[in-house]
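Chains as they are written, first to last, in the numbering used here: chain A, 43 to 129; chain B, 154 to 302.
Cβ coordinates follow ideal geometry from the N, Cα and C atoms, glycine included.
Written below as structure tokens is the structure these notes are about.
Set out below in structure tokens:
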């Protein structure tokens, strides 16, 4: 897709938030703003990655959410992810 | 035929949470679940929930295991809080973890919600998996016993 360079004015406060969120999700400022606009305008293509929820979380800059079922409780013990050595 | 060794697969209830208004605590029926996806293996506590029709309801750690994998199908579930919600279904190889031993329980469907609001911190095991077992709740001893076929 061909991109065009445009010049727009944004409040300083908003720009700081955009830059921070873009950095969190590993996107450039332009890419991040373009994705937000696509989502807002409903012109977004198919998810860039699966699972869709992971893509949405990365887009919004949040990767941690609270439980909708047990909002005030969390059982002790966390999940451990390891690489399997199949040798 | 139920395997004998599984008579020892006992998981103690987790109790917690006294409310300041009324003496009340949560009881969690749980066990340690292991999911294998590709070259990664995840292990952690999972809560038994007979109110969930699906297999495994994941947390973010499990969702990350499926990064880049296409779902096998998309389904809808009725959620008491959010009404009808869309889920992507993935398959993982599952085990029960007990005293350092991995006990295979076969492939399980993992239901990943499309909306981030529906993603919880706890992993939930639904009837699709529970129905494969004989589950004994011993409330006097406060233990859960899992018996596999």
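At least 8 Å separates the CB of residue 278 of chain B from every CB of chain A. Inclusion of residue 164 of chain B and residue 296 of chain B in the CB contact set at 8 Å is warranted, their separation being smaller than that value. Chain A has a Cβ within less than 8 Å of the Cβ of residue 216 of chain B. Counting every other CB atom within 10 Å of its CB across the protein chains shown gives residue 186 of chain B a total of 16 or more, marking it as buried. Annotation for residue 64 of chain A: the continuous alpha helix (DSSP H) segment containing it runs 54 to 66. Here residue 279 of chain B is near residue 210 of chain B, since their CB atoms are less than 8 Å apart. Distances from the CA of residue 270 of chain B to each of B:246, B:200, B:188, B:212 were compared; the closest alpha carbon is that of B:212.
Residue range 236 to 251 is occupied by the beta strand (DSSP E) that includes residue 245 of chain B. Judged by DSSP in its simplified three-state form, residue 47 of chain A adopts coil rather than helix or strand.
Under the three-state reduction of DSSP output, residue 78 of chain A falls in the helix class. In the three-state reduction of the DSSP assignment, residue 267 of chain B falls in the coil class, being assigned neither a helical nor a strand state.
Distances from the CA of residue 251 of chain B to each of B:198, B:191, B:192 were compared; the closest alpha carbon is that of B:198. Taking residue 60 of chain A as the centre and dropping the five residues before and after it, the same chain places the C-beta of 71, 74, 75 closer than 7 Å to its C-beta, in chain order. In summary, residue 120 of chain A is exposed, with fewer than 16 beta-carbon neighbours lying within 10 Å of its beta-carbon over all protein chains present. Legend: CB atoms of the segment 237 to 261 of chain B lying less than 9 Å from CB atoms of chain A belong to residues 239, 241, 243. CA-to-CA, the gap between residue 293 of chain B and residue 226 of chain B works out to about 42 Å. Assignment of residue 127 of chain A by DSSP, reduced to helix, strand and coil, places it in the coil class. Against chain A, the beta carbon of residue 223 of chain B has neighbours under 7 Å at 92, listed in chain order. Nearest in C-alpha terms to residue 95 of chain A, of all of B:284, B:247, B:242, B:254, is B:242. Put simply, of B:196, B:190, B:201, B:194 the residue whose alpha carbon is nearest the alpha carbon of residue 182 of chain B is B:201.
Secondary structure of residue 293 of chain B (DSSP, three-state): coil. Listed in chain order, the non-local C-beta contacts of residue 216 of chain B below 6 Å within the same chain comprise 265, local neighbours out to five positions each way being set aside. According to the DSSP secondary-structure assignment, residue 219 of chain B is paired through a beta bridge with no residue. Linking residue 190 of chain B to residue 263 of chain B through their CA atoms gives a straight-line distance of about 11 Å. Relative to residue 196 of chain B, the option among B:237, B:245, B:239, B:205 whose CA is nearest is B:245.
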